[in-house]
Structure formats: C-alpha cells, structure tokens
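In this note's numbering, the protein residues as written are 75 to 418.
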Amino acid sequence: AKTTMTSQSTNRKRPAESKDSRRAAKAVLKRMRQLERDAAARTLNGNGRSPDLPPLPTTGCDNNEDTASASSSSDGLGVILNHPYGALPHGNSLAHSDPLTTADHVRTAGLGTLRPLNDDQLLTMLSFLSGKDLGRWVQCSRFGYVAGHHDELWRDLTLRSAYAERRSIDFYRKWRDTYVLQACRAIEQSKGSGNVSSTSPSGEDEKSSKADDSDANADSISLPHLFRPHIPVEVAGVYSDTFYRSWLCRSFALNPSWLNIETIERVDAKEMTADRFVTEYEIANKPVIVKDATASWPAIHKWNRQYLIDTTRGVTFRATSGAAPLPSSFNMESYARYCDSAAE
Numbered sequence: 075a076k077t078t079m080t081s082q083s084t085n086r087k088r089p090a091e092s093k094d095s096r097r098a099a100k101a102v103l104k105r106m107r108q109l110e111r112d113a114a115a116r117t118l119n120g121n122g123r124s125p126d127l128p129p130l131p132t133t134g135c136d137n138n139e140d141t142a143s144a145s146s147s148s149d150g151l152g153v154i155l156n157h158p159y160g161a162l163p164h165g166n167s168l169a170h171s172d173p174l175t176t177a178d179h180v181r182t183a184g185l186g187t188l189r190p191l192n193d194d195q196l197l198t199m200l201s202f203l204s205g206k207d208l209g210r211w212v213q214c215s216r217f218g219y220v221a222g223h224h225d226e227l228w229r230d231l232t233l234r235s236a237y238a239e240r241r242s243i244d245f246y247r248k249w250r251d252t253y254v255l256q257a258c259r260a261i262e263q264s265k266g267s268g269n270v271s272s273t274s275p276s277g278e279d280e281k282s283s284k285a286d287d288s289d290a291n292a293d294s295i296s297l298p299h300l301f302r303p304h305i306p307v308e309v310a311g312v313y314s315d316t317f318y319r320s321w322l323c324r325s326f327a328l329n330p331s332w333l334n335i336e337t338i339e340r341v342d343a344k345e346m347t348a349d350r351f352v353t354e355y356e357i358a359n360k361p362v363i364v365k366d367a368t369a370s371w372p373a374i375h376k377w378n379r380q381y382l383i384d385t386t387r388g389v390t391f392r393a394t395s396g397a398a399p400l401p402s403s404f405n406m407e408s409y410a411r412y413c414d415s416a417a418e
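And the structure:
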C-alpha cells in the first residue's frame, strides 16, 4: 500500500514539474527569438539601410562599367553579399532557404564539441595555432574553412614569423598568401632548390603578361614553384556577424557625392600673404586651403611609385599598426604591394 501511495504521489508531482520545464523552455525560446530579431535589426542598419551610415561595398574586383555605375549611384548600395568566403550577417539566418537543414547546421556540424564557443572566442582559440595547424583546421569542415581564413589570423602569423626570424615582409596579394609564400621559400631553401618563377603582382608570368607602363605594375616578385595563390571558395550557410562585419567595415565604398561637396575656401599660394592669412583666417578662425604651394618642389615631378622603389632599393622601413600585434619591416616594393592588396 505504501508503494502504491508513493507511486501515486510521484505521478501527481510530475505534471507540475513538466509544466515548469515547458514554461522555462518557452521563455528561453522567446528570448532567443528576440535576440535573433535584434540581430536582424542591427544587420539591416549595418547593411546601409540607415541613411546615416556609409553605403554598402561594391564588388571591388572587376573594374567594369557595372561596378563603376554601382559605386557612383545615388543610393550607394552596390553589391552586399560578396564576402569572399560566402559569410552572411547572422540576421540572414532568419531567411535560411534550405528546407532540409537548420540555419545553424553548417556551424553546428562543423564545430562539433566547440560549438558552445561564440565566433569571437573561436577566433581567439585559433590565434594560438601555428600555420601548419591552421592549415589543417581549414580542411576539417565548411565552417572551419571560413573561420580559419579570417585575414587577421594569417596577418598575425606572418608578423610573428617575420619578427622571430628577424626578416622583412615580402607581401604578396593577401596575408595568407604572404605566409605560405615564405614557407614555400623556406622549404625550397632547405632542399637547396633555386627554382623560382618571376611573376607580376597579379600572379601572371612576366613573359605572358602584357606590357604596362603604369606604376601599379612596375614591380614583380619571384615565386617558388611550390607556391600556388589561394583562391577563396564561397560556403553557403555561414551566418556570422563576426566574420561578415569585419569584412564589411574594411570594404565600404565611399559615395563620390561625399567628396564633391566643397565648403572650404581655396586660395592660390601666389595670392596668399602672411598678413592676409593672419587677418582673414587665423584671427577669424576660418579654414582655408592654400593651393599650389608645393608646385615648384622637385618631389612633385620626380616622386612616383617606381622612383621611390628604385631610390630606396635595399632599404627597409619599420611599419606598425594599433591593430597588429607586432611591428614589421617592409621594403618600398613590398609595401606598395601591401597598399594595393590589403583591405584593413
């Protein structure tokens, strides 16, 4: 009889416990949906829908008429979904279109037991990997491929490697390519191989590339035969504000109309005197742009990319950044390639 009463008492308590559990689950689900809505709202604003924000990035890869027209359009929206590895804002997960998978399927399946980490924590963990280990990581899953190609990871690896070996940076295309290029050179040097191919900054052989007198194509770089430039592959189903926003913030296309507004007075240097500057501008606290003050300087006519490269050949310069973990050294030719290619 006691056993029966205990069983009945237990059965009477279960519905109450189950009700509390369902209430808690509903509260969690409601909170998650609210967080997703907030993320979607931030994404819409961050995508340039707000008139107070800069316009969206254009493709930035093809200098064709369509891109030019998109850049110069009045709304400045351009092409928004062109992250090199296919990452999309987290809010886009609400519009996940594959009926056979959930929105977080790629992340959940790709990270396994690491999925409780948020994307910022994941990048922090990956920052402790060596170049070889990071190369293995990107081969493990689709989400790992996107996370492991975060540009800052390869930048920090390259800077640390150069700092440890006390050498300058020979930049090529992207930070990942720069790191792999140096690794390939080290392998060939250890094997005593001197086989290299002379390649233009675009990656084409010098013999096959068309002659170009512009400063942008004036320098070349020698590549080991082991080296192959990285070609990003877009991955569908990756929703991450961390990956997308960092790319978006360094890829904004400035609206030309912003640069066409002129509100500051311009005065030719020949017409400007010290008395006039003090009286009309300094005392009045009025801004002015003095034009052609350096027109007679020899540097105005002599300095261009190729001149600076030739003049400083054999000399390295120290470069640093508040975002980079370490300073580095570049020669002028390498730094010019860095300025051409890096988006930071």
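The C-beta atom is built at its ideal place from N, Cα and C for all residues, glycine as well.
The structure presented is a predicted model; accordingly, all values stated were derived computationally and were not measured.
Secondary structure note for Ala-367: it is in no beta strand (DSSP E), with a DSSP letter that is neither H nor E. For Leu-255 and Ser-296, the gap between their C-alpha atoms comes out near 10 Å.
Judged by beta-carbon spacing, Asp-230 lies within the 7 Å limit of Pro-399, meaning their Cβ atoms are closer than that value. Excluding sequence positions up to five before and after Val-389, its CB lies less than 6 Å from no other CB in the same chain. Taking C-alpha positions only, Thr-198 is separated from Trp-332 by approximately 37 Å. DSSP places Val-362 within a strand segment (E or B) once states are collapsed to three.
Check the Cα spacing between Lys-365 and each of Val-341, Thr-252, Pro-190: the tightest is with Val-341. Here His-224 is buried: its Cβ has 16 or more other Cβ atoms, across all protein chains shown, within 10 Å.
Ala-101 and Leu-188 have their alpha carbons spaced roughly 25 Å apart. In the pairwise beta carbon analysis, the segment 164-177 is classified as not touching the segment 205-220: fewer than three pairs are separated by under 8 Å.
Residue environment: Thr-252 is assigned as buried (16 or more neighbouring CB atoms within 10 Å of its CB, all protein chains considered).
It is roughly 10 Å from the alpha-carbon of Glu-356 to the alpha-carbon of Asp-349.
Going by C-alpha positions, Ser-215 is about 26 Å away from Ala-416. With fewer than 16 other Cβ atoms from the protein chains shown falling within 10 Å of its own Cβ, Pro-361 counts as exposed. DSSP, read as helix, strand or coil, puts Ala-343 in coil. Spatial neighbours of Leu-382 in its own chain (CB-CB distance under 7 Å, excluding positions within 5 residues in sequence) are listed in chain order as Met-406.
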